[in-house]
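A.B. asks: This is the structure I have questions about; it appears just below.
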Amino acid sequence: MGTTGETPLRYAIIGAGMSGIMAGAKLLKRGDSDFVVFEKGAEIGGTWRDNRYPGLTCDTPSHTYSYSFALNPEWSAYYATGPEIHAYFKRVADESGVMPHVRFNNEVRACVFDDATAKWHLTLSDGSTYDADIVIAASGVLHNPKVPELPGLESFAGKAFHSARWDDDALLDGARVGVIGCGSTGIQLVNALSSRASRLVHFQRSPQWIMPVVQFEYTAEQRAAFAANPQLIEDIRTNAEYWDAVYRFTEGVTDFTSPQMQEIEDICRRNLEDNVHDPVLCEKLRPNYHAACKRLIYSWEYYECVQRPGVFVETGGIERIEPAGVRMNDGTLHELDTLILATGFDASRFIRPAVVSGRDGRLLDDFWEERPRAHYAVSMPGFPNLFMLNGPGAPVGNFPLIDIAERQWDYIEQVIAPLRKGEGRTVEPTAEAFDAYEERRIAAARKTIFGSGCTSWYLDKTGIPATWPWGYHDFAKAMESPVTSEFVVSA
């Protein structure tokens with residue numbers, strides 16, 4: 132159990148998606164096997180299990196969207212598909228030994244800290260309980276679908292469903308299909324269905340800037356070379372051109388008047404103007420906000436697909452849903468057989484709806500009344516030994532999520548090191564350090580591209596961008612070495 136001479140610790144990991152699998156694998160690698168991964172679904176994979184719509188593709192290169200400890204020579208293409216990524220996570224969970232630790236169909240309903248024992252008491256959906264020294268909240272942000280309040284939605288005669296709750300019986304081929312939403316999911320659905328539906332209507336409340344990328348398949352010879360020489364994979368993972376683009380984006384995010392952000396906007400504008408030939412459609416697809424104010428869309432084919440015969444872009448307001456289709460404010464009725472709601476997720480939930488009660492009975496809902504917040508997106512005062520992966524304020528959407536989660540795990544390992552050494556039973560950030568960090572984060576967030584004047588899921592209910600407001604190197608440095616004085620270890 133861990134390193135010889137260490138104080139044994141028991142862990143509860145909430146969620147068997149990308150971060151939860153990683154956390155379990157990391158624990159097992161260092162010899163810690165006293166943990167359970169609680170998964171509310173019947174299978175691992177998180178968002179890659181829940182989302183299985185046509186056209187689902189990761190917008191991070193496949194070899195970059197891979198665990199550093201489980202490189203995959205078998206990726207079929209530069210950008211991997213959803214089913215392929217889901218299969219990868221299942222394989223890693225199995226081969227790393229995490230799978231026997233997962234309890235499926237077991238949602239965490241409550242997570243209560245006991246001041247007397249310094250342990251977390253978890254109540255599960257099957258009625259069982261579990262006590263742990265350390266809780267790792269790996270629930271992610273894309274697990275609570277956001278369904279829009281559209282008058283008459285329940286009256287629609289065909290199939291109407293959220294993209295994360297896919298209906299295999301829905302009519303698609305040769306059918307009249309509507310897609311509501313213009314985030315990555317909506318874009319990918321239009322790409323996939325533009326050659327299948329007889330009529331496809333893309334309802335956009337606001338169009339998106341599209342960053343052009345190149346997709347290509349790896350040949351059998353390339354995959355064999357990857358398997359024989361993992362350094363070839365590392366060369367892709369550390370490719371200077373790719374990381375220059377990441378640095379350009381993350382540096383540009385911090386100042387939307389910067390040359391880096393101007394370059395991004397110029398690329399996106401040229402992509403629109405050079406590839407959409409109908410001037411009316413071009414203006415329909417032109418956003419009225421800065422590029423990257425909303426999460427930037429990466430696509431190699433949207434502008435081609437949206438110009439196919441039978442594909443229509445609708446930017447007007449929706450009045451209501453009727454049995455026959457979607458009625459617009461101007462009276463137009465789009466008759467449809469299938470209506471897909473690509474309307475995203477409630478990104479403010481995180482570990483919730485679990486009821487979390489920390490030291491002295493402090494409720495997480497109260498602590499997060501104004502906005503979800505965490506010290507460097509990982510921990511909170513008053514909630515000792517509770518750590519989040521990709522928590523509030525993490526650089527979700529800024530750079531590769533697996534890289535983020537692995538760096539956060541290294542940070543957590545260092546924070547809990549005193550507990551493993553027997554120097555105390557709990558660790559948490561001080562209120563002073565937390566408040567000072569949050570003040571800095573909010574001040575910086577207001578100046579980012581995300582706060583430059585658009586609506587997006589990046590904004591909290593007060594209008595403050597809820598993501599990491601600094602560059603990649605700042606994040607890497609912060610995760611490399613926690614500031615010891617910002618934490619308190621208690622007996």
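Residue numbers (our numbering): 132 to 622.
Note that beta-carbon positions come from the ideal geometry of N, C-alpha and C, so glycine has one too.
Nothing here was measured: the structure is a model prediction, and the numbers come from that model.
Output the residue ranges of the beta strand (DSSP E) runs that lie fully inside the segment 332–382 and measure 3 residues or longer, sorted by chain position.
C.D. replies: 341–343
A.B. asks: Measuring only the C-alpha atoms, how far is residue 275 from residue 583?
C.D. replies: Counting from one through the sequence shown, the residue named residue 275 turns up at place 144. Counting from one through the sequence shown, the residue named residue 583 turns up at place 452. Cα to Cα, the separation comes out at about 26 Å.
A.B. asks: For residue 194, count neighbouring Cβ atoms within 10 angstroms of its own Cβ and tell me buried if that reaches 16, exposed if not.
C.D. replies: Locating residue 194 in the sequence shown gives position 63, where the first residue counts as 1. Taking all protein chains shown into account, residue 194 has 16 or more neighbouring C-beta atoms within 10 Å of its C-beta and is therefore buried.
A.B. asks: Tell me where the alpha helix (DSSP H) around residue 213 begins and ends.
C.D. replies: Start at 1 with the first residue of the sequence shown, and residue 213 comes out as number 82. Its alpha helix (DSSP H) spans residues 213–226.
A.B. asks: Report the rounded CA-to-CA distance for residue 224 versus residue 218, giving the unit in angstroms.
C.D. replies: Your numbering for residue 224 matches position 93 in the sequence shown. Your numbering for residue 218 matches position 87 in the sequence shown. Looking at the two C-alpha atoms, the distance is approximately 10 Å.
A.B. asks: Just to confirm the assignment: which complete alpha helix (DSSP H) runs, minimum length 4, are found wholly within the segment 392–438?
C.D. replies: Correct list: 410–415, 433–436.
A.B. asks: Looking at C-alpha atoms only, which residue of 232, 437, 385 is the closest neighbour of residue 409?
C.D. replies: Sequence index remark: in the sequence shown, residue 409 carries index 278 (1-based). Closest option to residue 409, Cα to Cα, is 437.
A.B. asks: Cβ atoms of residue 233 and residue 175: under 8 Å apart, would you say?
C.D. replies: Locating residue 175 in the sequence shown gives position 44, counting from the first residue. Locating residue 233 in the sequence shown gives position 102, counting from the first residue. Contact annotation: residue 175 and residue 233 have beta-carbon atoms nearer than 8 Å.
A.B. asks: Any contact between the segment 244–257 and the segment 483–494? By contact I mean 3 or more CB pairs, one from each, below 8 Å.
C.D. replies: yes
A.B. asks: Out of 495, 342, 315, 304, state which residue places its alpha-carbon closest to the alpha-carbon of residue 324.
C.D. replies: The sequence position of residue 324 within the sequence shown is 193, counting from 1. Comparing Cα positions, the closest option is 304.
A.B. asks: Per DSSP, what are the beta-bridge partners of residue 510 in this structure?
C.D. replies: As a working note, residue 510 is residue 379 in the sequence shown. DSSP output for residue 510 lists 506 as bridge partner(s).
A.B. asks: Name, in chain order, the residues that DSSP records as bridge partners for residue 243.
C.D. replies: Stepping through the sequence shown from its first residue, residue 243 is reached at position 112. Answer is 252, 488, bridged to residue 243.
A.B. asks: Would you be able to state if there are at least three C-beta pairs under 8 Å between the segment 584–600 and the segment 419–434?
C.D. replies: Contact holds: three or more Cβ-Cβ distances are below 8 Å.
A.B. asks: Am I right that residue 524 and residue 572 are in contact with their C-beta atoms under 8 Å? What's the rounded C-beta distance?
C.D. replies: Stepping through the sequence shown from its first residue, residue 524 is reached at position 393. Stepping through the sequence shown from its first residue, residue 572 is reached at position 441. Residue 572 and residue 524 do touch by the CB rule: their CB atoms are close to 6 Å apart, below 8 Å.
A.B. asks: Would you tell me roughly how many angstroms separate the C-alpha atoms of residue 601 and residue 377, rounded to the nearest one?
C.D. replies: Numbered from its first residue, the sequence shown carries residue 601 at position 470. Numbered from its first residue, the sequence shown carries residue 377 at position 246. Rounded to the nearest angstrom, the two C-alpha atoms are 13 Å apart.
A.B. asks: Confirm, please, whether the CB-CB distance from residue 481 to residue 560 is below 8 Å.
C.D. replies: Counted from its first residue, the sequence shown places residue 560 at position 429. Counted from its first residue, the sequence shown places residue 481 at position 350. No.
A.B. asks: DSSP state of residue 598, grouped into three classes?
C.D. replies: Here residue 598 is taken as the residue at index 467 of the sequence shown, counted from 1. In this structure, residue 598 counts as coil in the three-state DSSP scheme.
A.B. asks: Please confirm if residue 428 has its CB atom under 8 Å from at least one CB of chain C.
C.D. replies: Protein chain content of the structure displayed is limited to a single chain, and chain C is not contained in it.
A.B. asks: List the residues that DSSP assigns as beta-bridge partners of residue 456.
C.D. replies: Along the sequence shown, one-based indexing puts residue 456 at 325. The partner list for residue 456 (beta bridge, DSSP) reads 453, 466.
A.B. asks: To the nearest angstrom, how far is the alpha carbon of residue 435 from that of residue 532?
C.D. replies: Start at 1 with the first residue of the sequence shown, and residue 435 comes out as number 304. Start at 1 with the first residue of the sequence shown, and residue 532 comes out as number 401. The alpha-carbon atoms of residue 435 and residue 532 are separated by roughly 29 Å.
A.B. asks: Taking the alpha-carbon positions, what's the residue 407 to residue 397 distance?
C.D. replies: Taking the sequence shown and counting its residues from 1, the one referred to as residue 407 is at position 276. Taking the sequence shown and counting its residues from 1, the one referred to as residue 397 is at position 266. The alpha-carbon atoms of residue 407 and residue 397 are separated by roughly 15 Å.
A.B. asks: Pop quiz: residue 373 and residue 192 are said to be a contact at Cβ under 8 Å. What is the actual Cβ separation, rounded to whole angstroms?
C.D. replies: Start at 1 with the first residue of the sequence shown, and residue 373 comes out as number 242. Start at 1 with the first residue of the sequence shown, and residue 192 comes out as number 61. Contact holds; Cβ gap of about 7 Å.
A.B. asks: So if DSSP puts residue 518 in a beta bridge, which residue, or which two residues, is it bridged to?
C.D. replies: In the sequence shown, the residue the question calls residue 518 occupies position 387. As a beta-bridge residue in DSSP terms, residue 518 pairs with 267.
A.B. asks: Hey, could you find the ends of the alpha helix (DSSP H) residue 561 is sitting in?
C.D. replies: As a position in the sequence shown, residue 561 is number 430, starting the count at 1. Per DSSP, residue 561 belongs to no alpha helix (DSSP H) and is neither H nor E.
A.B. asks: Residue 520: which of 183, 268, 220 sits nearest, CA to CA?
C.D. replies: Looking up residue 520 in the sequence shown gives position 389. Nearest C-alpha to residue 520: 268.
A.B. asks: CB residue 546 to CB residue 598, shorter than 8 Å?
C.D. replies: By one-based count along the sequence shown, residue 546 stands at place 415. By one-based count along the sequence shown, residue 598 stands at place 467. No; because the gap between Cβ atoms is not below 8 Å, this pair is not in contact.
A.B. asks: Closest to residue 340 by C-alpha separation, out of 418, 295, 321, would be which residue?
C.D. replies: Position 209 of the sequence shown, counted from the first residue, corresponds to residue 340. For residue 340, the nearest C-alpha among the options comes from 418.
A.B. asks: How is residue 170 classed by DSSP in three states: helix, strand or coil?
C.D. replies: Here residue 170 is taken as the residue at index 39 of the sequence shown, counted from 1. Three-state result, residue 170: coil.
A.B. asks: For residue 578, which three-state DSSP category applies?
C.D. replies: Indexing the sequence shown from 1 puts residue 578 at position 447. Coil.
A.B. asks: Taking all protein chains shown into account, do 16 or more other C-beta atoms lie within 10 angstroms of the C-beta of residue 326, making it buried, or fewer, making it exposed?
C.D. replies: Residue 326 sits at position 195 when you count from the first residue of the sequence shown. Burial call: exposed.
A.B. asks: Tell me the DSSP bridge mates of residue 136?
C.D. replies: By one-based count along the sequence shown, residue 136 stands at place 5. Bridge partners of residue 136: none, in fact.
A.B. asks: Where does residue 162 land, buried or exposed, given buried means 16+ other C-beta within 10 angstroms?
C.D. replies: The residue you call residue 162 lines up with position 31 of the sequence shown. Burial call: exposed.
A.B. asks: Report the option in 457, 516, 558, 569 whose CA atom is closest to the CA atom of residue 499.
C.D. replies: For the purposes of this step, residue 499 is taken as residue 368 along the sequence shown, with counting starting at 1. Nearest option by C-alpha distance: 569.
A.B. asks: Tell me where the alpha helix (DSSP H) around residue 272 begins and ends.
C.D. replies: Counting from 1 along the sequence shown, the entry for residue 272 is found at position 141. Going by DSSP, residue 272 is part of no alpha helix (DSSP H) at all; its letter is neither H nor E.
A.B. asks: I need the straight-line Cα distance from residue 308 to residue 420, nearest angstrom please.
C.D. replies: Taking the sequence shown and counting its residues from 1, the one referred to as residue 308 is at position 177. Taking the sequence shown and counting its residues from 1, the one referred to as residue 420 is at position 289. About 28 Å.
A.B. asks: Roughly how many angstroms lie between the CA atoms of residue 558 and residue 290, to the nearest whole one?
C.D. replies: Position 427 of the sequence shown, counted from the first residue, corresponds to residue 558. Position 159 of the sequence shown, counted from the first residue, corresponds to residue 290. Residue 558 and residue 290 have their alpha carbons spaced roughly 50 Å apart.
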